[in-house]
Amino acid sequence: MGMKEALKNLRTDYNLTQEEMAKKLMISGQAISRWENGETEPNIETLKMLSKAFNISINTLLGTPRALICQVCGMPLEEDVYISKDESGHFNENFCKWCFTDGKHQYNKANFDELIEVCVKNMLQLNPKYSEQQVRIMLKEKLPKLKYWQEKSVHSE
Ligand SMILES: [Zn+2]
53 MGMKEALKNL RTDYNLTQEE MAKKLMISGQ AISRWENGET EPNIETLKML
103 SKAFNISINT LLGTPRALIC QVCGMPLEED VYISKDESGH FNENFCKWCF
153 TDGKHQYNKA NFDELIEVCV KNMLQLNPKY SEQQVRIMLK EKLPKLKYWQ
203 EKSVHSE
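Residue numbers (my numbering): 53 to 209.
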């Protein structure tokens with residue numbers, strides 16, 4: 053799905069006319085019509101506004117160009133409801149809402165093992181064909197490669 057379809061779907065999901073949506077965003081109705089025709093695209097500020105106003109991630113607004121995964125636990129963020137938000141209510145598309153809650157990281161080097169145990173449980177539920185041992189080894193190998201665990205600040209916490 054491209055961006056213009058994503059924008060149009062958003063509007064129709066909310067049963068809004070182009071004029072109504074424009075009013076909500078305090079922009080012109082013509083702008084919306086141009087987006088939906090693919091003539092123009094909203095700028096980043098407008099995208100942020102749309103994201104917050106309609107509770108939809110920027111990735112989804114862009115037509116889902118990226119397969120997002122949580123950079124702490126590796127969970128695929130297939131649905132916007134899994135994505136974390138920062139303190140101002142904007143989506144933080146780097147993390148799931150369990151790893152980054154109320155603007156705070158829930159895991160760091162000190163409780164990395166705790167995170168592994170949570171992930172092991174979740175993964176076993178999703179993939180019962182693997183053994184606990186296999187899943188644990190896989191996670192211990194995979195998680196430290198994610199962006200969050202590569203950051204220096206994580207180590208000093
Ligand atoms: Zn996570």
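Don't be surprised by glycine CBs; every beta carbon is placed ideally from N, CA and C.
With residue i and residue j assumed to form a contact (beta carbons below 8 Å), what rounded beta-carbon distance in angstroms separates them?
i              : j                 : result
lysine 56      : glycine 90        : 4 Å
valine 124     : phenylalanine 147 : 6 Å
isoleucine 110 : glutamate 145     : 7 Å
glycine 126    : leucine 62        : The pair is not a contact, with the Cβ atoms about 28 Å apart (cut-off 8 Å).
Using CA coordinates, which residue listed in the options is at the minimum distance from residue i?
i              : options                           : result
methionine 101 : Gln186, Ala119, Met73 and Leu167  : Met73
isoleucine 108 : Ala58, Glu166 and Met190          : Ala58
glutamine 82   : Glu93, Gln70 and Lys76            : Gln70
glutamate 169  : Glu184, Lys161, Asn179 and His157 : Glu184
isoleucine 96  : Asp132, Arg63, His142 and Gly126  : His142
leucine 77     : Arg86, Ile189 and Leu99           : Leu99
serine 140     : Ala119, Thr112, Arg118 and Ser103 : Ser103
glutamate 166  : Lys156, Arg188 and Asn179         : Arg188
glutamate 193  : Gly155, Leu178 and Val172         : Val172
lysine 137     : Glu130, Glu131 and Gly155         : Gly155
threonine 64   : Trp150, Ile84 and Lys204          : Ile84
leucine 114    : Pro94, Lys204 and Glu130          : Pro94
Is the Cβ-Cβ distance between residue i and residue j less than 8 Å?
i                 : j             : result
isoleucine 135    : proline 128   : no
tyrosine 182      : leucine 191   : no
lysine 161        : valine 133    : no
phenylalanine 164 : glutamine 158 : no
methionine 53     : threonine 92  : no
Return the bridge partner residues of residue i from the DSSP annotation.
i           : result
proline 213 : This structure cannot speak to residue 213, because the chain is shown only from 53 to 209.
In the region 97-122, which residue ranges form an unbroken alpha helix (DSSP H) of at least 4 residues, counting only runs that do not cross its ends?
110-113
In chain order, each beta strand (DSSP E) run of at least 3 residues that lies wholly inside the region 131-160
135-137 and 143-148
Would you mind listing the alpha helix (DSSP H) stretches within the region 160-190 that are 4+ residues and don't spill past its ends, in chain order?
164-178
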